[in-house]
Each structure stands twice: as structure tokens, then as C-alpha cells.
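A short write-up of the structure that comes next.
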Ligand code: NDP
Ligand code: MG
Ligand code: MG
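Numbering (the numbering used here), first residue to last: -7 to 332.
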């Protein structure tokens, strides 16, 4: 088994004497900046004028233009949307890097797919939390953390690994476990996981179940509870104790149904599709499509997004959640409130 590192395995000294610029203050950016600051590291934020800039200032950070933040820091963590990174990097980051600085990423996409080619005189590393940014923050506040992968692409200082581990410790990841990876492995597994399982797989599974029930004449409210609401309760059990723990908690009838019917839904054919998805990720076909989609101003992304938001499960879900005050407000709504 690979060695998982925890707080006692990490020496943070090397990062204490450096200033860290967090570029971007979105899902990951706000969490990294606040966690690192509370871990007593020297943090500034680099942004363009706008909503994030106002928020970061309200949160008490020194906020500079991206160019100035890069000039004033030794470690530059790039937490911009992946599709914006190349432009901002070329215009404002690369021209302001000093030899011996480090640039860092939370996802390997742009380095692995050669959208960013860093100069040979800086360290390049990856600290990729395996969870959404808002949970990187929330778990840190609770004294816990989200696990993270770290990887080194370029080690000029001879200390890139130490810096990466200290950074991972600073955002709270060492409380949950840090595991070494490469930019290639992180990029390919992250894209595959979100497409086939976590995001794409789960939303398609939920919608197909909901549609099957409602098309057979069952009430949409019942179908919503069965196929979406309960998903969280089941996933919590999986998170806490794996498949066995979840199966321990459900009825034996549910467990028998799990055994005999699960493999009818996700079968060899599904796995063959998963292999195709993985291949598209590995060959760069997926990356190329996404880069071109952005260059064309996202015609397909926007059209599909609008259609998805109109799905009947979204309509019934809104009504039902409004009547369940204990279901917390969706993050999106909360954030817009904070920003407005
Ligand atoms: P978000 O979209 O949440 O945040 C983007 C931030 O970048 C915003 O603060 C935005 O500010 C700022 N920004 C956008 N364009 C510019 C620009 N041209 N100049 C300056 N600032 C700009 O990004 P994420 O946190 O989701 O993603 C950041 C990185 O983390 C990505 O590499 C992603 O793959 C990775 N990652 C993300 C995860 C997640 O949980 N979301 C999980 C693990 C990794 P403004 O308000 O001005 O638009
Ligand atoms: Mg991802
Ligand atoms: Mg049931």
C-alpha cells in the first residue's frame, strides 16, 4: 500500500519563511487562503477587480492584482478556473516570477495537457484536495480536513516536496492524509472520477431512476425522495464505513436487491463505456474538446446547462426542500447572498 502521510510526517519550517499568493478566491481559493492563514502562514490574494476581490478584502486579506501578488510572493498557488488559467498565467503570472519561486496547482490539467509550460527555473507542484473547496474550509474549521494528493513536476530548489507537504498541512489535508501522485495520475483520475462516477455517473443515475418511476405513473415527490434525497443518507454511510457499513444499516431486503439488481444497472456494458471515457481522458480527446468549447464561448455547455436546470426533478426538488428547513441552503445560493 502507498504511504499516506499525516501531520507528524510534515515539517512546515520551509514554508514559514515564504509568502504565499493565492490566485483566485472561489471554491478552492477562499478555503486555501483562510486555512493557510489560520495555520499561521503568510498569505496574500491575487485577483482582478470584482466580486471575489470584495469578498477577500471583507475577509481581511491583502488583495493585489495578480501581477503584483506574484511579484510579492515566493509561492504562487493558481486557483483560477482551469479554462482561465492559461491566459492569466501568460499575461500576469509568468512575467513576474523570480527564479527559485514555486508555482502550484490544485489540479494538474493545464500542466499535464501542456496548456501552461512553466520556465525551467521555478518549482512546480500540485496539492489537490479530494473534495469541494467549501468542505476544505468547513472540515478545517471543525478540526478535521479533506485528504489531498501532492505531486512534483519540477524541483529546482531541491525543496519542492517539503514545500508541497507543508502547504498540504497548512490547508488541513495532513489531518486526513496526504498521498503522493504525479500530475498525470492526478489529472487523469480526477477527470475520470468526476465524469464517470462522482458527478456525471451520479446525476445520470439519479435522473434515470426518477424518470423510470415518474414515467410509470408514480408521484414525482416520492420519486424525488427515493432517488435524490436519500442518496445523501446512503453516501454518508459509505463515507463513514464503506460498502459493508452501508449494507449493515439497510434492511436485508434492500441488501438482497443491491446484490441482484445493482449489477443489472451497472454492468459489463457500463464498464466498457467507462473504459472509453478513461481513454478519452488519457488521449487528451476530452481536454481538447473542453478547450475548444471554451474558445467558442461554451455553446454546448450553456445549452445543456439550461436544459438540465429545467429537468422535472429540479422543479419538484425546489418545492420539497423549501419545506425541509433542516436541509441546508445550497452553497450556490449562500454564496450569492454573501457576494450581493
Ligand atoms: P472557482 O470558479 O470557484 O473560482 C475561480 C476564482 O478565480 C474566482 O475567485 C474568480 O474571481 C477568479 N478569477 C476568474 N477569472 C479570473 C481572472 N481573469 N483574473 C483573476 N481572477 C479570476 O474555481 P475553483 O475553486 O472551482 O477551481 C480552482 C482550481 O481548483 C481549478 O484548478 C480546479 O480544477 C481545482 N479544484 C477545484 C475543486 C473544487 O472544489 N471546485 C476541487 C479540487 C480542485 P471573480 O469573482 O473575479 O470571477
Ligand atoms: Mg476536478
Ligand atoms: Mg427504501
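No residue lacks a Cβ here, since even glycine has one placed at the ideal position from N, Cα and C.
_Among 45, 54 and 137, the one whose alpha carbon lies nearest that of residue 36_ = 54
*At least 3 beta-carbon pairs within less than 8 angstroms: the stretch 217 to 235 vs the stretch 274 to 293*: no
*Between the CA atoms of residue 96 and residue 15 - distance to the nearest angstrom*: 10 angstroms
_Quick check: does the Cβ of residue 339 come within less than 7 angstroms of any heavy atom belonging to ligand 1?_
Nothing about residue 339 can be reported from this structure: the residues present for the chain run from -7 to 332 only.
*Counted within 10 angstroms of its Cβ, other Cβ atoms place residue 329 as buried (16 or more) or exposed*: Its pLDDT being 44, under 50, residue 329 is placed unreliably in this model, and the coordinates cannot settle the point.
*Is the beta carbon of residue 18 within less than 7 angstroms of some heavy atom of ligand 1?*
yes
*asked:* Going residue by residue through the stretch 49 to 114, where are the continuous alpha helix (DSSP H) segments of at least 4 residues, counting only ones entirely within it?
replied: 58 to 64, 74 to 80 and 101 to 104
*When burial is assigned at 16 or more other CB atoms within 10 Å of the CB, is residue 238 buried or exposed?*
Around the beta carbon of residue 238, 16 or more other beta carbons lie within 10 angstroms, which makes this residue buried.
*Using a threshold of 8 angstroms, state whether the C-beta atoms of residue 71 and residue 20 are closer than that.*
yes
_Beta-carbon within less than 6 angstroms of residue 116's beta-carbon, same chain only, minus the 5 sequence neighbours each way: which residues are those?_
In its chain, beyond the 5 residues on either side, 95, 110, 145 and 146 have a beta carbon closer than 6 angstroms to the beta carbon of residue 116.
*Between residue 272 and ligand 2, is the CB less than 7 angstroms from at least one heavy atom?*
no
*Nearest-angstrom Cα distance between residue 265 and residue 188?*
9 angstroms
*Exposed or buried, residue 296, counting other C-beta atoms within 10 Å across all chains shown (16 or more means buried)?*
exposed
*asked:* Going by C-alpha to C-alpha distance, which of -2, 33, 256 and 43 sits closest to residue 18?
replied: Among -2, 33, 256 and 43, the Cα nearest to that of residue 18 belongs to 43.
*Verify the contact flag: residue 99, CB atom, against every heavy atom of ligand 2, threshold strictly below 7 angstroms.*
yes
*Does DSSP classify residue 319 as helix, strand or coil?*
coil
*Please say whether residue 162 and residue 33 have beta carbons closer to each other than 8 angstroms?*
Note that the C-beta distance between residue 33 and residue 162 is below 8 angstroms.
*Is residue 120 near ligand 1, going by C-beta to nearest heavy atom under 7 angstroms?*
yes
*Own chain residues within Cβ distance below 6 angstroms of residue 59, not counting five before or after*: Only 84 and 88 meet the Cβ criterion.
*Buried or exposed for residue 331, please, with buried defined as at least 16 other CB atoms from any protein chain shown within 10 angstroms of its CB.*
Residue placement at residue 331 cannot be trusted, given a pLDDT of 39 that sits under 50; what the coordinates show is reported in the next sentence. With fewer than 16 other Cβ atoms within 10 Å, it is exposed.
*Which residue spans inside the stretch 253 to 292 form an unbroken alpha helix (DSSP H) run of at least 4?*
260 to 275 and 277 to 287
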